[in-house]
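>
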Amino acid sequence: MALQRPFDSPETWTAILSNTWDVLGPFPISAREQHFLSPAFPLNLSEPLNLNVTWPSAYADGGRVQWSQFQSDSEGTLKVSYPDIRWSNLRATEGWAALQFHSVLRSTLRIHPPVDSSAPHASPKLRIKLTQGSFFTIVPSNGHFSGVDSPRWYTGNIYELEQAPTQIVELPSLPSASSITDYVIYVSGDYEIRLFGDPRGYSGEDTPVLTVNMQVETDGALKRIVPDSKQDVVCDFVDGFAFGDAVGFGLRSSDGWWTVKSAALSSPIDGLTLDMLHEVQLAPTQTRTVPLRIHQSKPLQAQLQQLIVFVAAVSEEGITEHLEIMLHFRHLPIWTSQTADAIKASYFFAESMPTAFLALPPREPSCGTCQPPILALHGAGVPIFEEDFWAKSLSQQQKSWLVMPSGRTSWVPRTTPPRGLDWHGPSSEEAWASVDALAAITGDNRQWHSWSFSRGSPVIMMGHSNGGQGAWHLSSRYPDRVLGVIPAAGYIKSQSGRFIDPLLRAILDTALTADDNDLFMSNLVDTPILAIHGGADNNVPAWHSRELVDVLQTWNPQANITYHEIPGQPHWWPSVLNTEEVQAFIDSVSRSASTRKARSSTFTLTVSIPLESGSFHGWQIESLQTPGRLGRLRVEVAGGVVNVRTTNVHSFSLDLSVHEVNQMVLNGEQVTLPSATDFNDHDAQDNDHNAFQLSGRMQEILSSAAPLVLVVSDQPSSHTLSIALRIAHDLHTYHKLDSEIWRCSEAMLRAEKNRLGNGSIVILGDVSPTFAQWCLSRISSALETMPQQLREIVSSPGSEKGRIMSLLPHPVNSYANMLWIKGDIPALEIARRLFPIRTGVPVPDWIVIERSMDKIGAAGISAAG
Numbered sequence: 001m002a003l004q005r006p007f008d009s010p011e012t013w014t015a016i017l018s019n020t021w022d023v024l025g026p027f028p029i030s031a032r033e034q035h036f037l038s039p040a041f042p043l044n045l046s047e048p049l050n051l052n053v054t055w056p057s058a059y060a061d062g063g064r065v066q067w068s069q070f071q072s073d074s075e076g077t078l079k080v081s082y083p084d085i086r087w088s089n090l091r092a093t094e095g096w097a098a099l100q101f102h103s104v105l106r107s108t109l110r111i112h113p114p115v116d117s118s119a120p121h122a123s124p125k126l127r128i129k130l131t132q133g134s135f136f137t138i139v140p141s142n143g144h145f146s147g148v149d150s151p152r153w154y155t156g157n158i159y160e161l162e163q164a165p166t167q168i169v170e171l172p173s174l175p176s177a178s179s180i181t182d183y184v185i186y187v188s189g190d191y192e193i194r195l196f197g198d199p200r201g202y203s204g205e206d207t208p209v210l211t212v213n214m215q216v217e218t219d220g221a222l223k224r225i226v227p228d229s230k231q232d233v234v235c236d237f238v239d240g241f242a243f244g245d246a247v248g249f250g251l252r253s254s255d256g257w258w259t260v261k262s263a264a265l266s267s268p269i270d271g272l273t274l275d276m277l278h279e280v281q282l283a284p285t286q287t288r289t290v291p292l293r294i295h296q297s298k299p300l301q302a303q304l305q306q307l308i309v310f311v312a313a314v315s316e317e318g319i320t321e322h323l324e325i326m327l328h329f330r331h332l333p334i335w336t337s338q339t340a341d342a343i344k345a346s347y348f349f350a351e352s353m354p355t356a357f358l359a360l361p362p363r364e365p366s367c368g369t370c371q372p373p374i375l376a377l378h379g380a381g382v383p384i385f386e387e388d389f390w391a392k393s394l395s396q397q398q399k400s401w402l403v404m405p406s407g408r409t410s411w412v413p414r415t416t417p418p419r420g421l422d423w424h425g426p427s428s429e430e431a432w433a434s435v436d437a438l439a440a441i442t443g444d445n446r447q448w449h450s451w452s453f454s455r456g457s458p459v460i461m462m463g464h465s466n467g468g469q470g471a472w473h474l475s476s477r478y479p480d481r482v483l484g485v486i487p488a489a490g491y492i493k494s495q496s497g498r499f500i501d502p503l504l505r506a507i508l509d510t511a512l513t514a515d516d517n518d519l520f521m522s523n524l525v526d527t528p529i530l531a532i533h534g535g536a537d538n539n540v541p542a543w544h545s546r547e548l549v550d551v552l553q554t555w556n557p558q559a560n561i562t563y564h565e566i567p568g569q570p571h572w573w574p575s576v577l578n579t580e581e582v583q584a585f586i587d588s589v590s591r592s593a594s595t596r597k598a599r600s601s602t603f604t605l606t607v608s609i610p611l612e613s614g615s616f617h618g619w620q621i622e623s624l625q626t627p628g629r630l631g632r633l634r635v636e637v638a639g640g641v642v643n644v645r646t647t648n649v650h651s652f653s654l655d656l657s658v659h660e661v662n663q664m665v666l667n668g669e670q671v672t673l674p675s676a677t678d679f680n681d682h683d684a685q686d687n688d689h690n691a692f693q694l695s696g697r698m699q700e701i702l703s704s705a706a707p708l709v710l711v712v713s714d715q716p717s718s719h720t721l722s723i724a725l726r727i728a729h730d731l732h733t734y735h736k737l738d739s740e741i742w743r744c745s746e747a748m749l750r751a752e753k754n755r756l757g758n759g760s761i762v763i764l765g766d767v768s769p770t771f772a773q774w775c776l777s778r779i780s781s782a783l784e785t786m787p788q789q790l791r792e793i794v795s796s797p798g799s800e801k802g803r804i805m806s807l808l809p810h811p812v813n814s815y816a817n818m819l820w821i822k823g824d825i826p827a828l829e830i831a832r833r834l835f836p837i838r839t840g841v842p843v844p845d846w847i848v849i850e851r852s853m854d855k856i857g858a859a860g861i862s863a864a865g
């Protein structure tokens, strides 16, 4: 067989991946459906494989497909296409979405032992990079599993994210130390047209081509804990001073549990110190970014362009490793009215995650006339720190800062939405946090006081493509914090099954309600908007902006919105957000920033998840009667009386300093206004209900005020540890979110000492009855509000009683969540695919997992809510 070149020296284990791939497909698949189906669909890897069997597929003439062979090149790139499928016919009736397909890719992985087979050698771990593929797994040489075990599916880097940490994979069985051992590697190859594009756009043909790259090498790390410079975070120094207070460096455990005990400058630097925020624990093969805080009293000299950090880490066995980390940074001169570069700033997101963003300073200091900052959201696939075209496409302002957040990741490749979290959830929180971080940087450093603005300042919002969608999203959820909006080439929303009962589909779809921008246009009727779109955009067609403008003007025909469609322009052009019209809009909004926003006599506040929404003219919905459904609060002011009508609202509040109310009629009844500003819908008074408010979607577990905590079994090689490591890897890859892995005994010890912290908790399996029951005993009142079937499954011990993913309240922190994934190994593997990593995967607050999901996808869910 043809083999890829070996990546390793002959003195160590060597992994060689065959260039020959057996491919089965294509099978029709909906967007994100691969997260519900088995990645090996339609195969069952617990059964022997027959390459001569054909399989049913609606895409093929005759309705059946068979195995075929493809060759990858010497760099591991494989191109899979099916020219015999009549793609143009499928498109003619079903549209471009019919070009989405699923394939199973299969090849041989050969493990060569070291030359000296008599010397003791530990079983090798593999470093695997799968780019633009969904999932992969390695199975024994017979190609299938037997017994109760399940293949361990690892997530590929489907977006080709440039800073993805190394994926470390254990072999499913020990290789021979004296002879070659063969394994079989399976890849789920899923062509998503919104991710990889319409083939007519990139090739002029009708046939879509799936391009994946896979590289395999053994992990030859000489040390058991090693640096990972791709995870480093360092800010720029301006005029000698750090533009931020956060520094971070990446570390990976190549073997065993490690605790980073200390990290400090290797030699003193006058006027500058680095202090580690806290000890950092790494589980075996886990990658994390260690946080350091900068303290500075004197400017650095320009000749110093790197910080050398001395690190001490201690293994579980008590072995101490010392490492030296080099962190490189830029020196920038103080900006002037004629010259200014975008500055890389840093701060700590969610307590301890070093995070960077870009800031373009204004030409003049504010000097008491501070202008609102401009929050600029980049499009999909824009690595803002590696490429400067995004910063250079924005115009430097006279007195306003331009804030360019990262969105946690760049969401590569350079194609269409959606990816990552699309400026929703943690990406949304990070955008606002970047604005507040810049306020702190300029306000807390006396050399920049004259350029500062207040924390919590309202902003002018702009964005392009995915950032344009983000501008629609953030402004319509936080209307009181947005003075004006300039969305360019933004799309409306991202939406996705077969066999699914319509009622079940409706429940699942409620998990996507919060992402549908068109549902929240009522919140923007009093916000100035300049929507921009290229008339020849074949990436996000112009009708997306037209539709959002149409919906907004349906709510209020007199809404202050202008739509500019530029004939002949594509999806992106360099001056899309740098024109006289854009500048005139910014100047107009800035001039009126100090005055109260114009208020319609009648307006409607629409909310899906109260915790992810702000106020509108001072009115804010605090909780809903039925989570998952929209809540609306309609306010009508007439003759000094404020009439309020609520729909699915349990409680709301009003800031009387923003909206003065003398007399209120609530749902037809006169209300005596209290001295406090909180009001409750008096038709729905229920303290227990208010104590625990489900969100309607499991994605809320990501909105964590501190690193997420993954609780696993104490057993050294437990399946739950493997699940936790894969979730931690995906959180780091897709969202740059940090996570801690605790064994259940450690979790119980922390609970007893009241040291669970502020992070959301994920309990994996029935690994810790003591800790799980401890948590449940503290949320018993919340459980009473849940359906009886859910209460029974959650409360019953043993995986044979039920397999469930359930979002629950945190046992001690009312602002955090807990997710319990309960069940046997096959259920845990399904739940791991459904863990909320990507948009468009509709998972509500809880689902009952059945093994049939591997064959029939979401239709295999027996209950959800």
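Numbering of the sequence shown is given in this note's numbering, commencing with residue 1 and proceeding in unit increments. Note that beta-carbon positions come from the ideal geometry of N, C-alpha and C, so glycine has one too. From a predicted model like this one, the values you see are computed outputs, not experimental measurements.
(1) Kindly indicate the opening and closing residues of the alpha helix (DSSP H) around Arg591.
(2) By the 10 Å Cβ neighbour count, where 16 or more other Cβ atoms means buried, how is Ala584 classified, buried or exposed?
(3) For the putative contact between Gln447 and Asp239, defined by C-beta atoms under 8 angstroms, what is the C-beta separation to the nearest angstrom?
(4) Expressed to the nearest angstrom, what Euclidean distance is found between the alpha-carbon atoms of Asp518 and Glu364?
(5) In this structure, what does DSSP give as the bridge partners for Ala488?
(6) First and last residue of the beta strand (DSSP E) that includes Phe869?
(7) How would you write the range of the beta strand (DSSP E) that Arg106 sits in, first residue to last?
(8) Under the rule that 16 or more other beta-carbon atoms within 10 Å means buried, what is Asn662, buried or exposed?
(9) Is the stretch 827–847 close to the stretch 150–161, with three or more CB pairs under 8 angstroms?
(10) Which residues in the same chain as Trp846 place their Cβ atom closer than 7 angstroms to its Cβ, once the five residues preceding and following it in sequence are excluded?
(11) Just how far apart, CA to CA, sit Val712 and Arg697?
(12) Could you pull the start and end residues of the alpha helix (DSSP H) that Ala751 belongs to?
(13) Please report the Cβ distance between Ala531 and Ile561, rounded to the nearest whole angstrom; I am assuming they are in contact, meaning their Cβ atoms lie under 8 angstroms.
(14) Report the option in Pro113, Glu740, Lys79 and Ser315 whose CA atom is closest to the CA atom of Asp190.
(15) Between which residues of its own chain and Pro502 is the CB-CB distance below 8 angstroms, once the five residues before and five after are set aside?
(16) Could you check what DSSP says for Ile374 in three-state terms: helix, strand or coil?
(17) CB-CB under 6 angstroms to Lys736, same chain, minus the five flanking residues each way: which ones, in chain order?
(18) Closest to Leu171 by CA distance: which of His617, Asn213, Leu126 and Gly204 is it?
(19) Would DSSP call Asp190 helix, strand or coil?
(20) Could you give the C-beta distance for Val209 and Pro199, rounded to a whole number, given that I count them as a contact under 8 angstroms?
(21) Below 6 angstroms CB to CB, which residues in the same chain sit around Ala728 once its five sequence neighbours on both sides are set aside?
(22) Around the Cβ of Phe389, are there at least 16 other Cβ atoms within 10 angstroms (buried) or fewer (exposed)?
(23) Taking the beta carbon of Ser18 as the centre, do at least 16 other beta carbons fall within 10 Å, making it buried, or is it exposed?
(24) If you follow the beta strand (DSSP E) that Tyr866 is part of, which residue opens it and which one closes it?
(25) Apply the 10 Å Cβ neighbour rule to Asp245 and answer buried if 16 or more other Cβ atoms are within range, or exposed otherwise.
(26) For Trp257, collect the residues of the same chain with a Cβ closer than 8 angstroms to its Cβ; drop the 5 residues on either side in sequence, then sort them by chain order.
(27) Tell whether a beta-carbon distance below 9 angstroms holds between Met214 and Ile111.
(28) Compute the Euclidean distance between the alpha carbons of Asp587 and Leu483, then round it to the nearest angstrom.
(29) Leaving aside the five residues before and after His732 along the sequence, list all residues of the same chain whose C-beta is less than 7 angstroms from its C-beta, in chain order.
(30) Find out if the Cβ-Cβ distance for the pair Trp401, Ile374 is shorter than 9 angstroms.
(31) Determine the closest residue to Ser406 out of Gly443, Leu438, Ala342 and Leu358, with distance taken between C-alpha atoms.
(32) Need the endpoints of the beta strand (DSSP E) that Ala391 sits in, please.
(33) Which residue spans inside the stretch 162–232 form an unbroken alpha helix (DSSP H) run of at least 4?
(34) Of all the options Val649, Gly470 and Val403, which has the alpha carbon lying nearest to the alpha carbon of Ala439?
(35) Would you say the stretch 12–31 touches the stretch 813–822, given that touching needs at least three Cβ pairs under 8 angstroms?
(36) Quick one: give me the first and last residue of the alpha helix (DSSP H) that Ile727 is part of.
Short version:
(1) Glu580 to Arg591
(2) exposed
(3) 7 angstroms
(4) 38 angstroms
(5) His464 and Ile532
(6) Residue 869 is absent from the model: the chain starts at 1 and stops at 865.
(7) Phe101 to His112
(8) exposed
(9) yes
(10) Leu790, Ile804, Met805, Ser806, Leu807, Ala864 and Gly865
(11) 23 angstroms
(12) Cys744 to Glu752
(13) 7 angstroms
(14) Lys79
(15) none
(16) strand
(17) Arg408 and Thr409
(18) Leu126
(19) strand
(20) 7 angstroms
(21) Gln286 and Ser739
(22) exposed
(23) buried
(24) In the structure as shown, the chain starts at 1 and stops at 865, and residue 866 therefore has no counterpart that could be examined.
(25) buried
(26) Gln281, Leu282, Ala283, Pro284, Ser315 and Glu316
(27) no
(28) 12 angstroms
(29) Pro165 and Thr287
(30) yes
(31) Leu358
(32) First-last for Ala391: Phe389 to Lys392, but that is the alpha helix (DSSP H), not the beta strand (DSSP E).
(33) 193–196 and 199–202
(34) Val403
(35) no
(36) His719 to His735
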